[in-house]
Amino acid sequence: QAAMKFVRDPLPIGFLADQNFDGQPLYNERELDHMMYVQSVFQLAWWVGGIAILLTLGSAAWLLLAVDRRTWFARALELSGLGTAVAIFALGIVALLGWNAWFTTFHQLFFVPGTWVFEPSDTLIRLFPMQFWFDSTFTVFGLTLSGGLVTALSGYLLKVKAYKLGRRKAAKSMKSKSGKSRLRQEWPLSVYGWMFGLAFAGYFLGMIILGDTDHPLHWGAGAFGLVLGFWIGWAFVYWKEHKSGPAVRRS
Numbered sequence: 005q006a007a008m009k010f011v012r013d014p015l016p017i018g019f020l021a022d023q024n025f026d027g028q029p030l031y032n033e034r035e036l037d038h039m040m041y042v043q044s045v046f047q048l049a050w051w052v053g054g055i056a057i058l059l060t061l062g063s064a065a066w067l068l069l070a071v072d073r074r075t076w077f078a079r080a081l082e083l084s085g086l087g088t089a090v091a092i093f094a095l096g097i098v099a100l101l102g103w104n105a106w107f108t109t110f111h112q113l114f115f116v117p118g119t120w121v122f123e124p125s126d127t128l129i130r131l132f133p134m135q136f137w138f139d140s141t142f143t144v145f146g147l148t149l150s151g152g153l154v155t156a157l158s159g160y161l162l163k164v165k166a167y168k169l170g171r172r173k174a175a176k177s178m179k180s181k182s183g184k185s186r187l188r189q190e191w192p193l194s195v196y197g198w199m200f201g202l203a204f205a206g207y208f209l210g211m212i213i214l215g216d217t218d219h220p221l222h223w224g225a226g227a228f229g230l231v232l233g234f235w236i237g238w239a240f241v242y243w244k245e246h247k248s249g250p251a252v253r254r255s
């Protein structure tokens, strides 16, 4: 509980350093260094997640304010849920087939090499054995997979409803069949292309500028690129749709 409280709140490293059992410190220097990295990664993920939620809610509100953009919201909900479910299912299969390799790769991505390997007698290993991480990982995978499927289903149902409502209320303003087909094929590629392209660019730019050891900052730069790509991608789709709309007939 003390370790989780240190990571979550966050607290200074002295809080863990003062933990003892029978007069002996619970954590050695290597464990304390590792917990500082864990706290940094957790806090970064927490803040990025909060910002992402706010941006998502703002984007959803912007899409829902106009009737002609509500199908975009439904489609985004459907694809994001489906993409999350597929990605987490693939990660789960990889983790299940090669747990040790997956666990090692995860730590190599998020932590400085050599700072996360401990002796069996160390406190962190006794408090959090491998079975704990295995169970926790697949619990998170299961919950995320379920959430992705529910989100995708909700988006699909909203999309069907939005299309029906749009046909009834704005039949004259509907685009041609070829225009709709082009938009459906175009916007996922542009939005996701911008998101993942800028995310990778941000991560590698962070590595070049910050060096090879500041892994949490690398991921922060990648997360910033992901969010920036979301906005640029949607702006591109919005601009492209209006640019390719029917020309105004002049007399």
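If you count by the numbering used here, then the sequence shown holds residues 5 to 255, one letter each, in order. Glycine is no exception: its CB is placed at the ideal position from the N, C-alpha and C atoms. Note that the coordinates shown come from a computational prediction; the quantities given were computed from them, not determined experimentally.
Where residue i falls: helix, strand or coil (DSSP)
i    : result
F204 : helix
Q112 : helix
F77  : helix
F25  : strand
E123 : coil
D13  : coil
F132 : coil
N32  : coil
G146 : helix
Q5   : coil
G54  : helix
L20  : helix
G151 : helix
G102 : coil
S180 : The predicted position of S180 is uncertain, since its pLDDT is 49 and thus under 50; a value taken from the coordinates is nonetheless stated next. Looking at S180 - three-state DSSP - the assignment turns out to be coil, as it is neither helix nor strand.
G118 : coil
Cβ pair residue i, residue j closer than 8 angstroms
i    : j    : result
V98  : F46  : no
T88  : G152 : yes
T233 : V52  : First, the amino acid is wrong: residue 233 is Gly here, not Thr. Going by C-beta atoms, G233 is not nearer than 8 angstroms to V52.
A166 : A78  : yes
F107 : W137 : yes
L230 : A203 : yes
Y207 : G226 : yes
T127 : L30  : yes
T75  : K168 : no
L20  : F93  : no
>> When you compare the region 151-163 with the region 76-90, are there three or more beta-carbon pairs, one atom per stretch, that lie closer than 8 angstroms?
In response: yes
>> Quick test of the definition: if touching needs 3 or more C-beta pairs under 8 angstroms, does the region 197-207 touch the region 226-245?
In response: yes
> Three or more C-beta pairs closer than 8 angstroms, one from the region 129-142 and one from the region 43-61: is that the case here?
Replying inline: no
>> I'd like to know if the region 103-122 and the region 34-41 are in contact, where contact means that at least 3 CB-CB pairs between them fall below 8 angstroms.
In response: yes
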